[in-house]
DNA sequence: GCCAACGTTGGC
DNA sequence: GCCAACGTTGGC
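In the working numbering, the protein residues as written are 28 to 164.
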């Protein structure tokens, strides 16, 4: 199973809001980038990803799970982009900051480090394990 | 189809 | 708040 990273500014959509959405989860709309779209399309039900706070916080704060695969994003007037639904699984007892990620040699190839602006990113098996361990999950 | 101009993102 | 990096747009 593949792993992912979902990036959001807390002022737009925060981890607390994701947790509040509960088991029903929410749609992850607003992606307008073709590479990010490709990742969304590749997602399978049950796959998990990190929830990352950009700008404010700058840390991986939780783990989410894909509960609905790719379908059209009703907020996209062009009709070119879609979205998935995700739900919160668990918060990280110790959020893993961007600084900590950059300081960890095993994470130097992470997309987050090399292409910070991509809003939906793939995470390798190794990276998944390292960050989970750092986060205390 | 190229590429300059522009807008947006996100770290600092 | 600044600005570098990047993606997109639109004129040619």
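C-beta: ideal position from N, C-alpha, C; glycine also.
All figures in this text were calculated on a predicted structure; none of them were measured in a lab.
Continuous alpha helix (DSSP H) stretch holding residue 140: start and end: Note, residue 140: alpha helix (DSSP H), 138-141.
For residue 132, which of helix, strand or coil comes out of DSSP? Three-state result, residue 132: helix.
Expressed to the nearest angstrom, what Euclidean distance is found between the alpha-carbon atoms of residue 86 and residue 33? Their Cα atoms are separated by approximately 11 Å.
Pull the bridge partners of residue 32 from the DSSP assignment, please. Paired residue(s): 77 and 148.
Taking Cβ to Cβ, would you say residue 152 is nearer than 7 Å to residue 81? Against a cut-off of 7 Å, the Cβ pair of residue 81 and residue 152 comes out as no contact.
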